[in-house]
Structures are given as structure tokens and as C-alpha cells.
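Numbering (our numbering), first residue to last: 30 to 469. Where is the CB? At the ideal position from N, CA and C, for every residue including glycine. Quick notes on the structure that follows.
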Ligand code: ASP
Ligand code: MG
């Protein structure tokens with residue numbers, strides 16, 4: 030069984046959906062295809078939810094109508110026969126009726142999750158209608174019937190596996206299955222989701238649950254690049270990455286893959302391929318167990334970072350200081366990305382500032398607090414790079430014009446992370462592209 034996931038831009042236009050259909054028709058192996066919502070839909074649904082949460086029902090109504098008109102155009106270019114058009118229209122009617130009903134009910138978090146789920150439900154059903162029109166046999170299996178998370182919002186792979194196997198066994202001759210990314214049921218049995226960008230995570234979880242031969246993530250770029258192609262002009266696709274390298278890159282800002290999607294594939298050792306729907310013949314990136322070659326493979330940047338420095342003479346020769354500091358972040362469920370310490374101060378970074386006020390007031394008794402906003406973490410990733418002194422020298426030489434706020438070296442053997450001002454990110458990435466990769 031092969032798992033193929035197509036992201037929002039890969040299904041966001043009728044003609045792109047047509048190409049996806051062609052792509053999944055080759056080969057004999059049984060396939061399970063996961064679709065995201067059409068690009069832009071989840072964002073619109075988020076806005077509708079926000080309008081409802083703040084009591085702006087009229088605004089929500091007009092946002093729903095705007096989204097509806099997008100689908101009205103979409104389906105007419107997607108399918109042509111009267112039967113297929115009738116079916117597509119009925120699907121759209123059903124989901125937009127649901128949104129209109131929600132307008133009349135009082136808002137809750139649980140209801141919002143229902144709103145967010147409409148995108149993937151629509152895309153998969155419309156896709157199946159198109160396949161049917163084309164005479165392609167496929168079975169749609171509802172993600173809400175097997176994908177689940179527990180009380181801690183963690184996916185339950187053994188349960189997912191059991192339900193999924195039972196479902197698939199009902200169709201022993203089927204070669205093509207379709208399902209929704211992103212959506213799931215939570216421990217209360219309500220509709221929930223795997224967070225934004227979570228369709229990659231769905232693919233990886235299904236791949237793990239079914240012990241798939243491979244997981245293909247199809248997007249609109251030919252794999253993971255050595256540097257951010259939106260910022261640096263000359264970047265190249267990386268052909269191979271280890272799971273560890275890919276996890277660091279995804280976590281530290283490479284947008285192509287949801288960071289949580291690495292561990293299930295890694296745990297069950299299932300190769301992940303990053304491929305391009307617009308250029309299906311391109312090699313893309315393969316992520317697998319063992320690293321291939323040494324040196325820096327890629328650089329990623331994570332924006333919107335806040336650096337917090339806690340300075341205290343009481344830290345001098347004291348023990349337990351770090352524990353107390355960390356407990357504050359634990360209390361506010363805020364994860365720390367980078368950390369450096371000296372005898373009298375500890376600096377650390379966070380990217381989620383939802384609870385910053387509480388964190389600050391809880392830290393104040395420990396010493397003086399300094400905060401720097403709009404920082405960027407630049408991460409260099411590659412097998413054993415933190416054990417290769419020449420690389421560090423090259424990085425420092427290259428970044429001479431850019432003041433470095435923090436450096437993390439040796440925390441992992443595959444990563445060197447540097448904190449700089451967000452306003453200097455572009456300059457830093459460009460310098461590194463030349464200095465480290467020799468690309469101009
Ligand atoms: N549609 C969801 C989102 O936009 C999930 C995904 O595309 O991966 O976040
Ligand atoms: Mg994505």
C-alpha cells in the first residue's frame with residue numbers, strides 16, 4: 030500500500046485536481062490518497078469561525094456566501110456531465126447548508142472544529158465525483174470513522190490501525206481509496222483536527238498504521254530545498270535526508286512538511302517522499318532512516334521568535350535555578366526552542382507568546398527579565414555537522430556582518446542554530462547560501 034497526500038494547492042484549481050487524478054492512476058499497487066482542503070478554504074473557515082466567535086453573524090454570513098461562490102465556479106470547471114454536476118452541486122449544497130445552520134446556533138469551540146472540517150469533506154467528495162465522471166473506481170473512507178486523538182490530543186495509532194484495517198477489509202478488491210487529511214475525532218467523540226497543515230500528519234499516521242511501503246507528500250515544489258526559495262534566489266532540491274535531519278528542518282521553519290509528521294514515519298521506518306504535482310518527473314526528496322553524506326544539507330529559518338533573558342546574581346553557584354525557570358514554561362504549556370546559560374543569566378527562546386504576560390510575572394521573582402521580539406532562528410542542518418569544527422568556522426566567517434544574539438551548538442549532532450534579528454534574516458540566508466553552499 031502506498032500513501033499519497035496532496036496539499037491545498039495541488040487540488041486548489043479544477044485543472045490541478047484533474048492532474049492529481051492522472052497522477053494516481055499509474056502503477057498497480059493499492060493506493061490510499063489523502064487530500065487537503067482546496068487552498069484558501071481552511072483560511073476562510075478560520076475567518077468564519079472568528080466572526081462567529083466575536084458575534085459578527087452578518088460578517089460570517091457574507092464570508093460563507095463568498096466561499097460558496099468560489100465552489101460554484103469550481104465545480105463547473107471540475108466536472109462536465111449533467112449527472113456529475115448534479116452530484117457536485119448536491120455536495121456543495123449540503124456543506125453550505127450546514128454552515129448556514131451553524132449561523133443560527135450559539136458559537137462554541139466544538140462547533141468551530143465542525144466548521145474547520147468542511148474544507149476536507151468538500152475536497153474529497155468533489156474529487157470522488159470527478160473520478161466517477163472519469164470512470165475511475167475509488168472508495169471514499171471517512172477520516173472521522175478511523176482517525177482519532179486522545180485526551181492529550183495525541184493520535185492513537187493502534188486504534189487508528191484497527192479501525193482502518195477493518196474499514197479497508199470491507200473492500201478487498203479496491204485499488205484506490207480516498208480520505209480526508211487534517212480532520213479527526215477527539216477523546217469526547219467530537220469532530221477535531223490535527224492543527225493547521227495537519228494533512229501531512231494524517232498521511233504519516235496512516236502510513237505508520239498500515240505499514241505502508243512509502244508515504245508520498247505532493248506539493249507545489251520539487252522537494253525540500255537547501256535554503257528558503259521564497260527568500261534566496263538560487264536554491265537546490267535536496268535528494269535525500271534522514272528522518273532526524275528532516276525533523277530538524279521541518280521544526281525550524283521549512284514549510285514544506287508539518288513537523289509532527291516525521292515521527293510516525295520514523296518510528297515505523299517508512300520512507301517519505303516529497304514530490305511536485307507540477308513536475309511529477311522531478312526526483313524530489315526522499316526521507317529515510319540513514320543519512321547520506323556529511324556537511325550542511327539545508328538551512329531553515331523560523332520567524333516570530335521571542336528571546337527572554339533572566340539575569341540573577343542568585344543564580345551564581347545555585348542549583349535548581351533552571352528547574353524553577355523551566356517549571357514556569359511548563360505551567361504555561363509553552364515550549365522552549367533554544368537555550369544558553371552563563372553563570373548569572375539564562376537566555377531562551379519561545380515562539381508561542383500566548384501566555385507571555387503570565388510567564389513574565391512568574392519569572393520576575395527570579396531576577397531581571399529582558400525580552401527581544403521579532404527574532405529569527407536560523408538552523409543549519411546536516412549529518413554530524415556539529416561534530417565538524419570547520420563548518421562552525423565557515424558559518425561564523427560568513428555571518429560576520431550579522432550580529433548573533435544566541436548560538437546553540439552541540440545540542441544535537443545534526444544542528445547548529447543561531448538567533449538573529451528578524452530584520453536581518455534575508456541577509457543571513459543569502460550570505461549562508463553563498464558561504465556554505467557556494468550558491469549565488
Ligand atoms: N487544510 C488544512 C490547513 O490548511 C490542513 C492541511 O492543508 O494540511 O491547515
Ligand atoms: Mg501543508
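A residue is called buried when at least 16 other Cβ atoms come within 10 angstroms of its Cβ; residue 279 meets this threshold and is buried.
When 438, 213, 264 are compared, the shortest CA-CA separation from residue 176 is found for 213.
Between residue 263 and residue 312 a beta carbon distance of about 18 Å is seen, past the 8 Å cut, so the two are scored as non-contacting. Within its own chain, no residue has a Cβ closer than 8 Å to the Cβ of residue 135 once the five positions on either side in sequence are excluded. Beta-bridge partners of residue 335 (DSSP): 379. Membership of residue 75 in the alpha helix (DSSP H) is indicated by the continuous run 70-82. By the 16-neighbour rule on beta-carbons within 10 angstroms, residue 430 is exposed.
When DSSP states are grouped into helix, strand and coil, residue 290 belongs to the helix group.
By the neighbour-count criterion, in which a residue is buried when 16 or more other Cβ atoms sit within 10 angstroms of its Cβ, residue 298 is exposed. Fewer than three beta-carbon pairs drawn from the segment 317-326 and the segment 452-459 are found closer than 8 Å, and the two stretches are therefore not classed as touching. The beta carbons of residue 140 and residue 131 sit about 6 Å from each other, so the pair counts as a contact at 8 Å. Cβ-Cβ distances below 6 Å link residue 179 to 185, 216 in the same chain, with the five nearest sequence neighbours on each side left out; the list follows chain order.
Every beta strand (DSSP E) of 3 residues or more that sits fully in the segment 250-322 is shown, in chain order, as 269-271, 301-305, 314-317. Cβ atoms of residue 448 and residue 420 stay farther apart than 8 Å, at about 18 Å.
Within the same chain, Cβ atoms closer than 7 Å to the Cβ of residue 237 are found at 186, 293, 294, 296, 297, 299, the five residues on either side in sequence being excluded. Assignment of residue 191 by DSSP, reduced to helix, strand and coil, places it in the helix class. Put simply, the backbone Cα of residue 97 is about 17 Å away from that of residue 108. Listed as beta-bridge partners of residue 438 by DSSP are 445. Taking residue 182 as reference, the option from 211, 191, 168 with the minimal CA-CA separation is 211. Remark: C-beta atoms of residue 32 and residue 245 approach each other more closely than 9 Å. For residue 442, the closest C-alpha among the options 277, 190, 133 is that of 277. By the neighbour-count criterion, in which 16 or more other beta carbons inside 10 Å mark a residue as buried, residue 404 falls on the buried side.
Under the three-state reduction of DSSP output, residue 57 falls in the coil class, being neither helix nor strand. For the 9 Å CB-CB criterion, residue 156 and residue 46 form a contact.
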